[in-house]
Each structure stands twice: as C-alpha cells, then as structure tokens.
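Student:
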Amino acid sequence: MRVPLQRSERHDFPAQRAGRRVRPARFGWPDRPDPGAGPGRGPPLACTSCDHQAGAVSDLPLRPELVGRSPYGAPQIDVPIRLNTNENPYPPPPEMIADIAARIAPDLNRYPDRDAVGLRAALAEYLVDQTGVRLSVDQVWAANGSNEILQQILQAFGGPGRTALGFQPGYTMHELISRGTGTAFLGVPRDLHLDADHVVAAVREHRPDVLFLCSPNNPTGESLPPDVINAAYQALAETDSGIMVVDEAYAEFAGVDSAVGLLEGRPRLLVTRTMSKAFAFAGARVGYLAADPAVVEALLLVRLPYHLSSLTQAAAQVAVEHSPRLKEQIRHLCRTRDEFVAAVSAKGWQCAPSDANFVLVGPFIDPARAWQRLLDQGILVRDVGLPRWLRVTIGTDEQMAALVDALGGLKDLRERT
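Once you know that position 62 of the sequence shown is 43 in the numbering used here, the rest is easy, because the numbers rise by one and skip nothing.
(1) Measure the Cβ-Cβ separation of residue 388 and residue 350 and say whether it is below 8 Å.
(2) Leaving aside the five residues before and after residue 314 along the sequence, list all residues of the same chain whose C-beta is less than 6 Å from its C-beta, in chain order.
(3) What whole-angstrom Cβ distance do residue 193 and residue 228 have, given they're in contact under 8 Å?
(4) By the 10 Å Cβ neighbour count, where 16 or more other Cβ atoms means buried, how is residue 214 classified, buried or exposed?
(5) According to DSSP, what are the bridge partners of residue 183?
(6) Determine the direct distance from the alpha carbon of residue 253 to that of residue 196, and round the result to whole angstroms.
(7) DSSP on residue 19, reduced to helix/strand/coil?
(8) Can you give me the C-alpha to C-alpha distance between residue 62 and residue 41, rounded to a whole angstrom?
(9) One question on the structure: do residue 112 and residue 241 come within less than 8 Å of each other, judged by their Cβ atoms?
(10) Excluding the 5 residues flanking residue 385 on each side, which residues of the same chain have their C-beta closer than 8 Å to its C-beta?
(11) What's the gap between the Cα of residue 223 and the Cα of residue 138?
(12) What is the rounded straight-line gap between the Cα of residue 103 and the Cα of residue 354?
(13) By alpha-carbon positions, which one of 250, 295 and 383 ends up nearest to residue 92?
(14) Quick one: is residue 233 buried, meaning 16 or more other Cβ sit within 10 Å of its Cβ, or exposed?
(15) Residue 37 to residue 48, Cα distance in whole Å?
(16) Quick check on residue 343: does DSSP put it in helix, strand or coil?
(17) Which one or two residues does DSSP pair with residue 465 in a beta bridge?
(18) At the level of alpha carbons, what is the spacing between residue 109 and residue 99?
(19) Is the distance from the Cβ of residue 191 to the Cβ of residue 226 below 8 Å?
(20) Sorted by chain position, which residues of the same chain lie with C-beta nearer than 8 Å to residue 243's C-beta, five sequence neighbours on each side aside?
(21) According to DSSP, is residue 382 part of a helix, a strand, or is it coil?
(22) Out of 64, 179, 45 and 59, which has the shortest C-alpha to C-alpha gap to residue 383?
(23) From residue 417 to residue 154, what does the alpha carbon distance come to, in whole angstroms?
(24) Return yes when the Cβ of residue 107 is within less than 8 Å of the Cβ of residue 310, no when it is not.
(25) With distances taken from CA atoms, which of 352, 187, 390 and 346 is nearest residue 397?
(26) Assign residue 117 to one of two classes, buried (16 or more other C-beta atoms within 10 Å of its C-beta) or exposed (fewer than that).
(27) Which of the three DSSP states is assigned to residue 358 in this structure?
(28) Confirm, please, whether the CB-CB distance from residue 289 to residue 125 is below 8 Å.
(29) Can you tell me where the alpha helix (DSSP H) with residue 53 in it begins and where it stops?
(30) Can you list, in chain order, the stretches of the beta strand (DSSP E) that have 3 or more residues and sit fully within the region 125 to 149?
(31) If distances are taken between C-alpha atoms only, which option among 284, 299 and 245 comes closest to residue 273?
(32) Looking only at C-alpha atoms, which of 97, 175, 162 and 258 sits nearest to residue 67?
(33) How would you call residue 69, buried or exposed, if buried means at least 16 neighbouring beta carbons within 10 angstroms?
(34) Going straight from the alpha carbon of residue 361 to that of residue 158, what length do you get?
(35) As a quick exercise: from 174, 271 and 373, pick the residue whose alpha carbon is nearest that of residue 356.
(36) Would DSSP call residue 104 helix, strand or coil?
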C-alpha cells in the first residue's frame, strides 16, 4: 500500500534554545523561514565584550535566492538519550583511538597529501570488500563529509542556470547545497515507496542537470532496488541532460546491492557515501564518492587546495583499517532496529519499513507535542516535518528500551486508525 507523505506546514528550528522549552528541528524545508526571526534574519547577536549590537542578515547584500531562507539546524541538546541525528551510538574501540593518535603525530608541520591518495586507496579496498566491485584509486574521491562531496558535485555540474532534482521527503542538504551553489532545486513529491515509473516520468519532464536519489532514503528508510536506479539512469541518458547521484549514506545497514555495482558502463553515475554512520566516525567528518575517473578529475577543478587535513586523512585511514569490526556492530544495530519495531508495533504503533539505522514511528495526532513530551523525559528524537511521523535513530539496546517505555505514555497522542 502506498502511504502518502505531505510536507508539514510547520517551520524549521534553526538553533538550540537552551534552558526553556524548544521547538523541534525538522528536515529542513529551506523555503520556510523561522517565524520568530523574520524574513532572512535570525536574532541579533550581541557582542559579549562591548556594547556593540551586531547587524541583521537582512542588512547585508545577500544573494537574492538566499533571502528568507533558514540554515540547517538540528538541536544539539544535552539530554541522556540522543536519537535524532542517525549517529552510531557506540564509540570507536580504544585500540582504534590509540592507532589514530600514533598515526597523526608525524609531519603536522607539512601540508597534507593534496589528493589524499592513501585514504582513497583504502576506501577503494573497503568498497571491494563491501560490494564485491573492484575499483581503482582513480574512481574514488574523499572530502570533509559527504556534504562537501555534494557541494563539489554541484560546483562542478550545477550552478546558475542549471537545475537539480530530488524526491521529497529526502535528504535536506541536497536542496540546501543546491541553493548555496546557485543551482535551482526542484523537489518532486514522493511516498514511502518510490517506483521506477515515478522517477522516469520526473526525469523526462524536467531534464535535470543533477538528479539525486537516496538509497536508503532519509527520512523514510527505503532502499532502492537496482532496477529503479538503472531505469532512472537510462531516462537521464535519453535526455543527455546531466549526471545522477545515488546517496548511500546508510548503505551498510541496507542489506541490498549497492549502486556501486552499476558503475561500469555508466560514466555519469556517482555514488556518495559517508563514514559518519556505520563507521561511528561522525566527529571526523569524512565522506567519499565512487564514480568514473573522469568525474573525479572534474571534482579536482573545484576542490580547495589541501582540503582534507593530515589529521583527517590519517584518522580516516585508521578507521578503514579497523572496518572489519563494523560488521558485527552493524548486524547488532539491525537486530536492535528490528526488535524495536516489533516492540512498538505490539503496543499499537506503526513503523515505516526501514533499511537504515533509523525508523519512522507513528501515527501521532501532533508530532510536535509528542517530540516535546519525549524531550521532557530526556529523549531527543527528530521531528522531520512529516504529519503523523517522528524519526528515531537506533541507539543502544538500553536506549531503545527506554524509548519503548516512553512511547507507552503517549497513547493519548496516538492517531486512531
């Protein structure tokens, strides 16, 4: 059954408001400014060292397409249980930390490897192990988080006069980074399930310069089968209009074939990934891409010199070397996810099918009230702006048990179906 999803009429929460009740940060519909801030401006920032009052954003000669927009902002609130940003809840093991400390000490007086060849080679080997597809170092690129990868893609293939297309609800940063690079963004509505016919029709109608697909999709959790990805690529090739980006930030949790297996013979297919989720490495901010060597050459045209620090390269390479430990941890998180779904379903809640380390839970009469009441109990989840749903990151077994208990106290907010 196709479950319709609609954009919420509520607004983003651009900054933490500590010490008082807060509004949830939702999956950033960037065309919806914070109602408390006024168009294109946030609260004035007072100087703490003098009597000077800072100006407002609206007083600056901002690019017209940025006026009235709101920045990305998930609340960073100090609570006992944080299940809102899809991080791996388990910290890196002590031996990995020790190896990182030993690796980063030498050569800090020198600029880093400009092309991060050692890290890219390690990531290529990791993808061979993870997908079974052999890649050369020339087919892999790395940057400061997958968001910088996306930014470089849009700098190279987007920009003024060009259009990016994504399916919403989807990853918010596709739209935000598109607009930040002067690329027009077109959001095509989707349901919990995205089929090939819907994708192909959108590509043929709009002929985008950059096409974004998420597998698994954030926030819905659904993976795309290879036939959908292939159909989308073929439609794009027919129009000869642009490139296709498959965002696989949560691929390790999916248990389905990666789009990396489709790279051969598809020079305009790009597969992006991150080390923030499965690798338990969100604080390091490392993302990477697999594509045709010509794509990597194109990204070299827009990357900043020495964009990836020696510290980041060394730490990430150590993390890749320790990746075999991830397999059991990922299996455990997937078991925890399935057990959580079973537990809340037994209590009358519904969960959208998920191939990621998060789950949509509902249906709520008022997701914002449910979000606040969970926060009042020390549990931070994510209101992604979807009517009836909250998104829950899969945490430790103890954290998920606490959430199951807390949801039991929200029966008055459960929608009758």
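Note that the Cβ used here is the ideal one computed from N, Cα and C, for glycine as well.
Tutor: The structure says:
(1) Taking the sequence shown and counting its residues from 1, one reaches residue 388 at position 407. Taking the sequence shown and counting its residues from 1, one reaches residue 350 at position 369. Between residue 388 and residue 350, the CB-CB gap reaches or exceeds 8 Å.
(2) On the sequence shown, residue 314 is found 333 positions in, with the first residue counted as 1. For residue 314, where only same-chain residues beyond five positions count, the Cβ hits under 6 Å are 338 and 375.
(3) Here residue 193 corresponds to residue number 212 of the sequence shown, with the count starting at 1. Here residue 228 corresponds to residue number 247 of the sequence shown, with the count starting at 1. That pair is a contact at about 6 Å.
(4) As a working mapping, residue 214 is identified with position 233 in the sequence shown. Flag for residue 214 reads buried.
(5) On the sequence shown, residue 183 is found 202 positions in, with the first residue counted as 1. Per DSSP, none; premise fails for residue 183.
(6) For the purposes of this step, residue 196 is taken as the residue at position 215 of the sequence shown. For the purposes of this step, residue 253 is taken as the residue at position 272 of the sequence shown. Spanning the two alpha carbons is a distance of roughly 10 Å.
(7) The count along the sequence shown starts at 1 and reaches residue 19 at position 38. Note that residue 19 has pLDDT 37, beneath the 50 cutoff, so the model's placement of it is unreliable and the number below is only indicative. Of the three classes helix, strand and coil, the one that applies to residue 19 here is coil, per DSSP.
(8) Position 81 of the sequence shown, counting from 1, holds the residue named residue 62. Position 60 of the sequence shown, counting from 1, holds the residue named residue 41. Taking the straight line from one Cα to the other gives about 39 Å.
(9) For this step, residue 112 is matched to residue 131 along the sequence shown. For this step, residue 241 is matched to residue 260 along the sequence shown. Cβ distance < 8 Å, so residue 112 and residue 241 count as in contact.
(10) The residue given as residue 385 occupies position 404 in the sequence shown. 321, 324, 325 and 328.
(11) Position 242 of the sequence shown holds residue 223. Position 157 of the sequence shown holds residue 138. Going from the Cα of residue 223 to the Cα of residue 138 covers about 8 Å.
(12) Walking along the sequence shown from the start, residue 103 turns up at place 122. Walking along the sequence shown from the start, residue 354 turns up at place 373. Near 44 Å, if we compare the C-alpha coordinates of residue 354 and residue 103.
(13) Counting from one through the sequence shown, the residue named residue 92 turns up at place 111. When only C-alpha atoms are compared, the closest one is 295.
(14) Mapped onto the sequence shown, residue 233 falls at position 252. With 16 or more other Cβ atoms within 10 Å, it is buried.
(15) The residue given as residue 37 occupies position 56 in the sequence shown. The residue given as residue 48 occupies position 67 in the sequence shown. Whole-angstrom Cα-Cα distance: 12 Å.
(16) Taking the sequence shown and counting its residues from 1, one reaches residue 343 at position 362. Reduced to three states, the DSSP call for residue 343 is strand.
(17) Examination of residue 465 is not possible in this model, given that the chain is present from -18 through 398 alone.
(18) The residue you call residue 109 lines up with position 128 of the sequence shown. The residue you call residue 99 lines up with position 118 of the sequence shown. Each residue's alpha carbon lies about 16 Å from the other.
(19) As a first step, residue 191 is located in the sequence shown; it is residue number 210 there, counting from the start. As a first step, residue 226 is located in the sequence shown; it is residue number 245 there, counting from the start. Yes.
(20) For the purposes of this step, residue 243 is taken as the residue at position 262 of the sequence shown. So the list reads 207, 210, 211, 214 and 250, once near-sequence residues are dropped.
(21) To locate residue 382, count along the sequence shown from 1; it is residue 401. Helix.
(22) Here residue 383 corresponds to residue number 402 of the sequence shown, with the count starting at 1. Nearest to residue 383 by C-alpha distance, out of 64, 179, 45 and 59, is 64.
(23) This structure does not reach residue 417, given that the chain is present from -18 up to 398, and the question cannot be answered.
(24) On the sequence shown, position 329 is the one that residue 310 refers to. On the sequence shown, position 126 is the one that residue 107 refers to. The answer is no: Cβ separation not under 8 Å.
(25) Residue mapping note: residue 397 aligns to position 416 of the sequence shown, counting from 1. Selected option, being the one with the closest Cα: 346.
(26) Along the sequence shown, read from residue 1 onward, the residue named residue 117 stands at position 136. It counts as exposed.
(27) As a first step, residue 358 must be located in the sequence shown, where it is residue number 377. Of the three classes helix, strand and coil, the one that applies to residue 358 here is coil, per DSSP.
(28) One-based indexing of the sequence shown puts residue 125 at position 144. One-based indexing of the sequence shown puts residue 289 at position 308. It is a contact, given that the beta carbons lie within the stated cut-off.
(29) Here the question's residue 53 lines up with position 72 in the sequence shown. Run containing residue 53: none; DSSP gives neither H nor E here.
(30) 144 to 149
(31) To locate residue 273, count along the sequence shown from 1; it is residue 292. Nearest option by C-alpha distance: 245.
(32) Here residue 67 refers to the residue found at position 86 of the sequence shown. Measuring from the Cα of residue 67, the nearest candidate turns out to be 258.
(33) As a working note, residue 69 is residue 88 in the sequence shown. Residue 69 should be labelled buried.
(34) On the sequence shown, position 380 is the one that residue 361 refers to. On the sequence shown, position 177 is the one that residue 158 refers to. Cα to Cα, the separation comes out at about 26 Å.
(35) Taking the sequence shown and counting its residues from 1, one reaches residue 356 at position 375. With distances taken between Cα atoms, residue 356 lies closest to 373.
(36) Within the sequence shown, numbered from 1, the residue matching residue 104 stands at position 123. It is helical.
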